[in-house]
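Q: Please find one structure pasted underneath; my questions will follow.
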Amino acid sequence: MSRKIEVVPYDPSWVRKYETEAEKLIKLFGYHLMEIHHIGSTAIPDMAAKPTIDILGVVKDIEAVDEMDQAMQEIGYQPKGENGIPGRRYFQKIVGEVHVFHVHTFEDGHPEIHRLLNFRDYLRAHPDAASEYQALKVYLAAKFTFEPDKYTEGKNALIQQIDQRAIDWRASERNKTNNAG
C-alpha cells in the first residue's frame, strides 16, 4: 500500500520538535554544518500540513555527508542519497508508517537553499499565498490520499508560481533596504 497523504491542522509543537531534532543533528554533523533551518509547511505558522518536519542543513562539503550515513542510521534515519535532486543528500526518519522528519542537506552555495528559504519566508510574510497553498494541499490530499506522486505533482505549478513571487518579493525587499540607506 502507498503512503497515506494526510494534511492536518497546524500544530504549535512542530516548532519544538524541529528544535529538538536540530540539536541532535547539530551534534552529529559538528563542524561540517554551517546552518540549519526549519522549512516546509510545518515551518509556516497556522498552516495545515502533512505532519512531517522538513529540515534544511547547509554544509561545507556535501561529500562529507556521505560518510555520515551510518551515524544518521543510528539515530533513526534512512539515507536516500540525492533522491532526485542533484547535489542533495536526503534522509527520512519514519516511525511506523509515519514520516516524522525529512532532512535535506546541501553544500553551501547550492541554489536550492535560497529557493527553499525564499519559499518559506514568502509564505510567512504573505498569509494570502499561504492560504492558497494550504487550500490546494487539502484538496490534493483528499483527492490523492494514497497517491503521493500525484499529490506532489499537483502542487508543482503553484509552487513554481510562489517561487517566482518569492524571488520578486525578495528583490523588492533588498531594494527597499538599499534605498533606505
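So in this note's numbering, spot 127 of the sequence shown is number 177, and the numbers just go up one at a time. Think of the CB as a built atom: it goes at the ideal place given N, C-alpha and C, for glycine as much as any other residue.
#1: Using a 10 Å radius around the Cβ and a threshold of 16 neighbouring Cβ atoms, would you call Gly107 buried or exposed?
#2: Of the choices Leu83, Gln211, Phe196, Arg220, whose alpha-carbon is the least far from that of Glu147?
#3: Among the residues of its own chain, which have a CB less than 8 angstroms from the CB of Val282, if the five just before and after it don't count?
#4: What does the Cβ neighbour count give for Ala185, buried or exposed, with the cut at 16 atoms within 10 Å?
#5: Which parts of the region 162-230 are runs of the alpha helix (DSSP H), unbroken and 4 residues or longer, counting only runs that do not cross its ends?
#6: So, is His164 buried or exposed, given that buried needs 16 or more other C-beta atoms within 10 angstroms?
#7: Please return the same chain residues whose Cβ sits closer than 7 angstroms to the Cβ of Pro198, not counting the five positions on each side in sequence.
#8: Identify whether Val57 lies in helix, strand or coil by the three-state DSSP scheme.
#9: Could you check the C-alpha separation between Arg139 and His88 for me, to the nearest Å?
#10: So what does DSSP say about His88, is it helix, strand or coil?
#11: Express the C-alpha separation of Glu69 and Gly131 in angstroms, rounding to a whole number.
#12: Which residues in the same chain have their Cβ closer than 6 angstroms to the Cβ of Gly204, if we skip the five residues on either side of it in sequence?
#13: State buried or exposed for Asp104, treating a residue as buried only when at least 16 other CB atoms are found within 10 Å of its CB.
#14: Going by the beta-carbon positions, is the gap between Val188 and Val57 smaller than 8 angstroms?
#15: Would you mind giving the Cβ-Cβ distance between Phe169 and Asp213, rounded to the nearest angstrom? I have them listed as a contact below 8 angstroms.
#16: Note down the Cα distance separating Trp219 from Pro95, rounded to an integer number of angstroms.
A: For this structure:
#1: buried
#2: Phe196
#3: Because residue 282 is not part of the residues shown, which for the chain are 51 to 231, the question remains open.
#4: exposed
#5: As far as the region 162-230 is concerned, its whole alpha helix (DSSP H) runs of at least 4 residues are 177-193, 198-230.
#6: When all chains shown are included, His164 counts as exposed.
#7: Ser52, Arg53, Ile55
#8: coil
#9: 16 angstroms
#10: strand
#11: 24 angstroms
#12: Here the set comprises Leu190.
#13: buried
#14: yes
#15: Between Asp213 and Phe169 the Cβ distance is about 6 angstroms, and since that is below 8 angstroms, they are a contact.
#16: Taking the straight line from one Cα to the other gives about 19 angstroms.
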